[in-house]
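Input: a single structure, listed below in structure tokens.
Numbering (the working numbering), first residue to last: 37 to 299.
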């Protein structure tokens with residue numbers, strides 16, 4: 037993470053200190069306005085409003101500081117070129133943060149450092165009026181609220197990022213082939229699996245199943261009229277005067293006495 041830029045690097049006058057502070061605040065206004073346009077995603081509306089309130093609040097803070105500077109040091113203290121140079125310098129140092137929340141938090145922490153440093157230097161040089169004292173204190177307090185809001189937003193963003201990562205990992209795990217999938221990639225095993233998933237009772241085609249197998253003896257008996265058939269499929273006629281089916285044995289004159297012929 038880039039270290040905070042030490043500003044100023046040499047002894048400067050009170051008006052130069054305030055020029056640096058004004059340049060930083062104008063850069064912050066530019067940055068928040070840009071972030072107001074750039075935010076997107078599910079939290080777009082809330083972020084859009086948050087950055088809008090931040091850059092709108094800076095307009096009044098910048099205007100108040102510039103008027104105090106002109107009243108104390110003259111109109112040259114807010115000269116355009118000097119202001120743009122300072123603002124550009126701050127914007128370049130913050131641009132390493134592509135995340136608008138990180139970039140905003142970095143600018144707020146650096147601004148707090150400037151408030152503290154410049155307050156002490158102005159007080160040491162007896163250049164701190166009561167009005168400027170009150171302004172620096174109130175503005176620093178207001179921007180502490182911005183730090184809180186940005187930190188909370190970054191925590192939420194991190195939670196969303198982790199949840200999204202976990203969801204992506206879960207989906208990837210579910211989509212990855214399992215040991216069972218590898219097993220059933222074998223053509224023979226694949227056929228077994230397809231047969232099991234089909235719910236069929238046999239491996240015959242539907243056309244073959246429609247043809248059906250020949251009925252068994254047990255099937256025939258269960259059909260209507262099945263009792264009239266014997267196991268040899270012979271028809272038995274029941275009459276009121278049943279015929280004696282027992283064979284009649286008579287001696288054969290041409291054969292031995294122990295040989296009998298059936299009528």
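For glycine and all other residues, C-beta sits at the position ideal for the given N, C-alpha and C.
Distance, residue j Cα to residue i Cα
| i | j | result |
| --- | --- | --- |
| residue 165 | residue 190 | 37 Å |
| residue 71 | residue 229 | 56 Å |
| residue 177 | residue 207 | 46 Å |
| residue 56 | residue 105 | 12 Å |
| residue 123 | residue 113 | 14 Å |
| residue 48 | residue 119 | 16 Å |
| residue 202 | residue 97 | 43 Å |
| residue 95 | residue 80 | 23 Å |
| residue 86 | residue 235 | 60 Å |
| residue 170 | residue 100 | 12 Å |
| residue 148 | residue 89 | 19 Å |
| residue 273 | residue 251 | Note that residue 273 scores a pLDDT of 46, beneath 50, so its modelled location is shaky; the value from the coordinates is reported in the next line. The straight-line gap from Cα to Cα measures roughly 23 Å. |
| residue 168 | residue 129 | 27 Å |
| residue 93 | residue 67 | 13 Å |
| residue 153 | residue 133 | 24 Å |
| residue 194 | residue 115 | 42 Å |
| residue 211 | residue 204 | 11 Å |
| residue 227 | residue 254 | 34 Å |
| residue 200 | residue 117 | 46 Å |
| residue 359 | residue 121 | Lying outside 37 to 299, the shown extent of the chain, residue 359 is not represented and no answer is given. |
Same chain, Cβ closer than 8 Å to residue i, five either side skipped, listed in chain order
| i | result |
| --- | --- |
| residue 131 | 139 |
| residue 187 | 141 |
| residue 259 | 251 |
Supposed close pair residue i, residue j - CB separation, criterion 8 Å
| i | j | result |
| --- | --- | --- |
| residue 58 | residue 102 | 6 Å |
| residue 136 | residue 74 | 6 Å |
Nearest to residue i (by Cα), restricted to the options the options
| i | options | result |
| --- | --- | --- |
| residue 29 | 69, 128, 146 | Because the chain is modelled from 37 through 299, residue 29 falls outside the range shown and cannot be assessed. |
| residue 107 | 227, 204, 54 | 54 |
| residue 180 | 202, 151, 170, 205 | 151 |
| residue 110 | 227, 66, 83, 52 | 52 |
| residue 144 | 185, 192, 88, 211 | 185 |
| residue 77 | 255, 192, 211 | 192 |
Residue i beta carbon near the ligand GDP (any heavy atom closer than 6 Å)
| i | result |
| --- | --- |
| residue 136 | What this structure holds is no ligand at all, so the ligand GDP is not there to describe. |
Chain-order list of residues whose beta-carbon lies under 7 Å from that of residue i (same chain, five-residue window excluded)
| i | result |
| --- | --- |
| residue 50 | 158, 161, 163 |
| residue 91 | 65, 68, 69, 72 |
Sequence-distant residues of its chain with Cβ nearer than 6 Å to residue i (five each side left out)
| i | result |
| --- | --- |
| residue 126 | 60, 63 |
| residue 83 | 75 |
| residue 172 | 151, 155 |
| residue 175 | 97 |
| residue 45 | Legend: pLDDT at residue 45 = 49, less than 50; position of this residue unreliable, no value from coordinates given. |
CB contact below 7 Å: residue i versus chain B
| i | result |
| --- | --- |
| residue 59 | Given the protein chain composition of this structure (a single chain), no chain B is represented. |
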